[in-house]
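A short write-up of the structure that comes next.
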Amino acid sequence: FPLSQYLRERQVRMGRNARMLAAQSIERTVDAKELPNVTLYYRALLEILVHRHAPQLKNELQVGKVRKFESFEEYIQKCATKLDAPWLTAVKKEELQSLLQEYALDKHFLDLFYLLRMSFAPVLESLILLDRLLYLKELGYERSYLIDLFDPVISPRHFAIVSIKPQTQQ
Numbered sequence: 027f028p029l030s031q032y033l034r035e036r037q038v039r040m041g042r043n044a045r046m047l048a049a050q051s052i053e054r055t056v057d058a059k060e061l062p063n064v065t066l067y068y069r070a071l072l073e074i075l076v077h078r079h080a081p082q083l084k085n086e087l088q089v090g091k092v093r094k095f096e097s098f099e100e101y102i103q104k105c106a107t108k109l110d111a112p113w114l115t116a117v118k119k120e121e122l123q124s125l126l127q128e129y130a131l132d133k134h135f136l137d138l139f140y141l142l143r144m145s146f147a148p149v150l151e152s153l154i155l156l157d158r159l160l161y162l163k164e165l166g167y168e169r170s171y172l173i174d175l176f177d178p179v180i181s182p183r184h185f186a187i188v189s190i191k192p193q194t195q196q
């Protein structure tokens with residue numbers, strides 16, 4: 027991104043986070059009437075623990091996906107194992123419980139931020155699609171179209187780019 031000369035000349039850029047966000051479906055979230063799972067909140071609390079116990083690692087930890095946990099304590103233990111972080115294993119259960127209580131109200135704001143952020147996804151996805159469509163038109167494929175194929179609840183990638191090859195003169 028971008029493919030089109032038009033956006034390249036204007037130095038339009040879209041970072042990795044924006045491209046990842048473009049693939050998310052606000053329609054699916056609204057349809058399911060669900061907020062993000064608790065993992066996002068737990069990951070934010072993990073950052074607080076990093077700040078308190080290992081500030082030298084701030085912005086360094088790549089946790090990735092943590093699956094199948096029943097509690098914050100179990101989430102932290104799985105992260106400690108995955109990251110090979112003995113300092114994290116040493117955090118006492120009481121501190122974890124205290125952290126949960128201290129930031130309980132902030133989960134609501136994190137959920138609101140998540141939804142606000144996700145509301146930009148269709149705009150970013152549209153920019154990517156329009157860039158690709160414009161690229162085809164710049165290459166001479168004037169009969170190029172965006173076609174909405176199916177319900178966006180199924181996937182945010184519900185558009186197809188269809189281009190009809192120009193006939194050559196004989």
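Per our numbering, the sequence shown starts with residue 27, numbered consecutively.
All residues carry an ideal CB built from backbone N, CA and C; glycine is no exception.
- The alpha-carbon of GLU60 is positioned some 43 angstroms away from that of LEU165.
- For ASP177, the three-state secondary structure derived from DSSP is coil.
- Closest in alpha carbon position to GLU121, among VAL179, LEU175, ILE74 and GLN37, is ILE74.
- One Cα belongs to LEU150, the other to TYR161, and the distance between them is close to 17 angstroms.
- A Cβ-Cβ distance of about 6 angstroms is found for the pair LEU136 and TYR67, placing them in contact under the 8 angstroms criterion.
- A residue is called buried once 16 or more other Cβ atoms fall within 10 Å of its Cβ, and PHE185 is buried on that count.
- Contact annotation, PHE27 with ARG45: C-beta distance approximately 7 angstroms; criterion of less than 8 angstroms satisfied.
- If you ignore the 5 residues before and after LYS133, its C-beta comes within less than 6 angstroms of the C-beta of TYR67, all in its own chain and listed in chain order.
- Here the alpha carbons of LEU172 and ILE52 stand approximately 20 angstroms from one another.
- In the three-state reduction of the DSSP assignment, PHE135 falls in the helix class, which pools H, G and I.
- LEU83 carries a helical assignment under DSSP once its states are collapsed to helix, strand and coil.
- Relative to the Cα of TRP113, the nearest Cα in the group SER170, GLU35 and HIS79 belongs to HIS79.
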